[in-house]
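Working notes for the structure below.
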Amino acid sequence: MVDYVLAHELAHLKEMNHTQAYWGTSRVLLPDYEERKEWLQVNGGQLYV
């Protein structure tokens, strides 16, 4: 998930909001971002830092 979070934040350097352009940038950085986003939505509450 570290690579998903990193790609998420890097995409924000180009697109500030979660627009279609933002998600397009996310897809370029991490082609399977949708699967990882779903995983995080399901399992994120169980993660601890």
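Start counting the sequence shown at 1; every next residue gets the next number (UniProt numbering).
We treat Cβ as the ideally placed atom computed from N, Cα and C, and that holds for glycine.
The structure displayed is predicted, hence computed values, not measured ones.
May I ask which residues mark the beginning and end of the alpha helix (DSSP H) holding L6? By one-based count along the sequence shown, residue 6 stands at place 6. That run of the alpha helix (DSSP H) goes V2 to K14.
Is the separation between the beta-carbon of T25 and that of E9 shorter than 7 Å? By 1-based counting over the sequence shown, the position of residue 25 is 25. By 1-based counting over the sequence shown, the position of residue 9 is 9. Not a contact, by the Cβ cut-off of 7 Å.
Grouping DSSP H, G and I as helix and E and B as strand, with all else coil, what is L40? Here residue 40 refers to the residue found at position 40 of the sequence shown. Shown here, L40 sits in a helix according to DSSP, grouped into three states.
Could you pull the start and end residues of the alpha helix (DSSP H) that V28 belongs to? On the sequence shown, residue 28 is found 28 positions in, with the first residue counted as 1. Taken as a continuous stretch (DSSP letters only), the alpha helix (DSSP H) holding V28 covers Q20 to L29.
Going by DSSP in three states, Y48 sits in which element: helix, strand or coil? The residue labelled residue 48 in the question sits at position 48 within the sequence shown. The answer is coil: DSSP assigns Y48 none of H, G, I, E or B.
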